[in-house]
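For the sequence shown, full-length UniProt numbering assigns the number 393 to the last residue and increments by one with no breaks.
For reference, the structure discussed in these notes is given below.
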Amino acid sequence: MNGATGRMGYRQHLVRSILAIRDQGGVLLADGSRVQVEPILVGRSESTLRQLAERHDIEHYTTDLDAALADDRWQIYADFLVTKARVPAIRKAIAAGKAIYTEKPTAESFAEALELAVLAEAAGVKNGVVHDKLYLPGLRKLERLIASGFFGRILSVRGEFGYWVFEGDWQRSQRPSWNYRGQDGGGIVVDMFPHWNYVLENLFGRVESVYARAVTHIPVRVDENDVAFEATADDAAYAIFELEGGIVAQLNSSWTVRVNREELVEFQVDGTLGSAVVGLFGCKIQPRTATPRPVWNPDLAESHDYSDDWLEVPTNDVFENGFKTQWEEFIRHVVDDGPNRFDFLAGARGVQLAEQGLRSSLTGRRIDLPVVSLPAVAVPSSHPVPPIHAAQP
Ligand SMILES: NC(=O)c1ccc[n+]([C@@H]2O[C@H](COP(=O)([O-])OP(=O)(O)OC[C@H]3O[C@@H](n4cnc5c(N)ncnc54)[C@H](O)[C@@H]3O)[C@@H](O)[C@H]2O)c1
1 MNGATGRMGY RQHLVRSILA IRDQGGVLLA DGSRVQVEPI LVGRSESTLR QLAERHDIEH
61 YTTDLDAALA DDRWQIYADF LVTKARVPAI RKAIAAGKAI YTEKPTAESF AEALELAVLA
121 EAAGVKNGVV HDKLYLPGLR KLERLIASGF FGRILSVRGE FGYWVFEGDW QRSQRPSWNY
181 RGQDGGGIVV DMFPHWNYVL ENLFGRVESV YARAVTHIPV RVDENDVAFE ATADDAAYAI
241 FELEGGIVAQ LNSSWTVRVN REELVEFQVD GTLGSAVVGL FGCKIQPRTA TPRPVWNPDL
301 AESHDYSDDW LEVPTNDVFE NGFKTQWEEF IRHVVDDGPN RFDFLAGARG VQLAEQGLRS
361 SLTGRRIDLP VVSLPAVAVP SSHPVPPIHA AQP
């Protein structure tokens, strides 16, 4: 587990996933048996790793990634490093023949993200990328609504993600400062568009084009050492995505917005037969048959409470931590050859969307997104496919 001392690596991957799996006695396999997990923490600071290992009763830790990769006891390389450090580490893990599970974005550029997918395929190593938002209770309920036909024809998706991230001067920032420096792999487009890509393509349809405006609203922030720095990365992005089948998705992502919603992320989906508003946990619906009949009248103060017209969808299920659930799927894929839904190629599509979103913002143009596929070298020569559809028209 490389980067287990970081925000995501520690809380979601180590504590909430791997240690929770260890505590429950491992991952259940198809034949009813269980496979147990044994983590090795990898990082740069021996003392930090030792403290973490002692706190959680973990036997193994090292600052020597190469030695860990060369050791056959460790079957999966997991990467939660800052984005900038990811590609070289994953290249090594592929060369060492490890199965690989990684945070998103898989790389800073689409070319590198695709290269990782090609290298992993050529080396025959199993690979997976975090798609955590799809496992959120709110989005699982949305998935169920879509499958039930509730919406009729889906017309549009509107999403608001964000909250105020303190600048660091009079209150400490609640996110690491590298997120606000482009040269260090930061930026809300690079961070959030990979999420939006998998949410949209898995629930609604492939993202066919993007128009985005990325902005740095707060030009100076203060880092972990109380030193002011120039914010060189975007902290808000306003985007329109056109999806396969004609659905229009409009998503705002911002670290410079104050929350006036029920949750930090909310999506409204409107269809001919009904609408839904979902967050991390909640899901409200309004069917066609219970839709009020608003009439625009600027002369009268509003007397109707529109929020009252919505019905809460019950949970009806047990939703575990999404990171843990996806870890269990990936471990089953590695040891049991279970299905793998989200591989490096899916990760590359997310990076493509981020890259083209930034390009759209720079040029002021809507950009069509080519279908991403592995080049012909990765498939048998009797079934040739055209090379990578990566070039822009
Ligand atoms: N899935 C999600 O919802 C989600 C949310 C936030 C972040 N992330 C992703 O997780 C990754 C980590 O983000 P974070 O917020 O945990 O960051 P963080 O800064 O808290 O942690 C980064 C980790 O990388 C290590 N590190 C830093 N620089 C390094 C270097 N040069 N070489 C090797 N190791 C280095 C740090 O010691 C730390 O362990 C990022 O790629 C980010 O995009 C995902």
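Ideal Cβ positions, reconstructed from N, Cα and C, are used throughout, including at glycine.
These figures come from a predicted structure and were not determined experimentally.
Go through its chain and collect everything with a Cβ distance to residue i's Cβ below 7 Å, but skip five positions before and after it.
i, result
"residue 243", "200, 204, 205, 206, 207, 208 and 249"
"residue 133", "139, 195 and 199"
"residue 11", "none"
"residue 202", "134"
"residue 352", "110, 369 and 372"
"residue 336", "29 and 30"
"residue 9", "1, 3 and 80"
"residue 334", "75, 76, 99 and 126"
Per DSSP, what kind of secondary structure is residue i in: helix, strand or coil?
i, result
"residue 126", "coil"
"residue 76", "strand"
"residue 240", "strand"
"residue 155", "strand"
"residue 136", "coil"
"residue 83", "helix"
"residue 60", "strand"
"residue 212", "strand"
"residue 45", "coil"
"residue 36", "coil"
"residue 386", "Residue placement at residue 386 is flagged as unreliable, the pLDDT there being 38, under the threshold of 50; the coordinate-derived value follows with that caveat. Of the three classes helix, strand and coil, the one that applies to residue 386 here is coil, per DSSP."
"residue 275", "strand"
"residue 28", "strand"
"residue 104", "coil"
"residue 315", "coil"
"residue 167", "coil"
"residue 247", "coil"
"residue 97", "coil"
"residue 225", "coil"
"residue 54", "helix"
"residue 331", "helix"
"residue 253", "strand"
"residue 174", "coil"
"residue 6", "coil"
"residue 218", "coil"
"residue 372", "coil"
"residue 299", "coil"
Anyone know if the C-beta pair for residue i and residue j falls short of 8 Å?
i, j, result
"residue 191", "residue 214", "no"
"residue 138", "residue 280", "yes"
"residue 356", "residue 374", "no"
"residue 174", "residue 161", "no"
"residue 350", "residue 30", "no"
"residue 80", "residue 13", "yes"
"residue 86", "residue 107", "yes"
"residue 168", "residue 222", "yes"
"residue 5", "residue 65", "no"
"residue 210", "residue 360", "yes"
"residue 229", "residue 303", "no"
"residue 28", "residue 348", "no"
Could you check how far apart the C-beta atoms of residue i and residue j are, in whole angstroms? I think they sit under 8 Å.
i, j, result
"residue 15", "residue 26", "Rounded, the Cβ-Cβ distance is 17 Å, inconsistent with contact."
"residue 342", "residue 135", "Contact flag wrong, Cβ pair sits at about 11 Å."
"residue 62", "residue 40", "7 Å"
"residue 1", "residue 18", "7 Å"
"residue 218", "residue 231", "6 Å"
"residue 154", "residue 269", "6 Å"
"residue 94", "residue 123", "5 Å"
"residue 372", "residue 267", "Residue 372 to residue 267, Cβ: 24 Å. No contact."
"residue 116", "residue 344", "5 Å"
"residue 141", "residue 283", "4 Å"
"residue 43", "residue 3", "7 Å"
For residue i, which residues of its own chain have a beta-carbon under 6 Å away from its beta-carbon, when the five flanking residues on both sides are left out?
i, result
"residue 189", "214, 234, 237, 354, 357 and 358"
"residue 196", "251"
"residue 264", "163"
"residue 311", "285"
"residue 330", "101 and 128"
"residue 292", "309"
"residue 187", "233 and 234"
"residue 182", "232 and 233"
"residue 386", "Unreliable placement is indicated for residue 386, whose pLDDT of 38 sits below 50; the coordinate value is still reported in the next sentence. Excluding sequence neighbours, residue 386 sits near nothing in its chain."
"residue 327", "17"
"residue 325", "135"
"residue 112", "87"
Output needed for residue i: all residues of its chain with C-beta closer than 8 Å, excluding positions within five of it in sequence on either side, in chain order.
i, result
"residue 152", "271, 272, 273, 274 and 288"
"residue 261", "160 and 279"
"residue 98", "69, 74, 75, 76, 77 and 125"
Counting contacts by CB-CB distance shorter than 8 Å, is residue i in contact with chain B?
i, result
"residue 301", "Any reference to chain B falls outside this structure, which holds one protein chain only."
Looking at ligand 3, does it come within less than 7 Å of residue i, judged from the CB to the closest heavy atom?
i, result
"residue 130", "Judged by which ligands are present, ligand 3 is missing from the structure shown, whose ligands are ligand 1."
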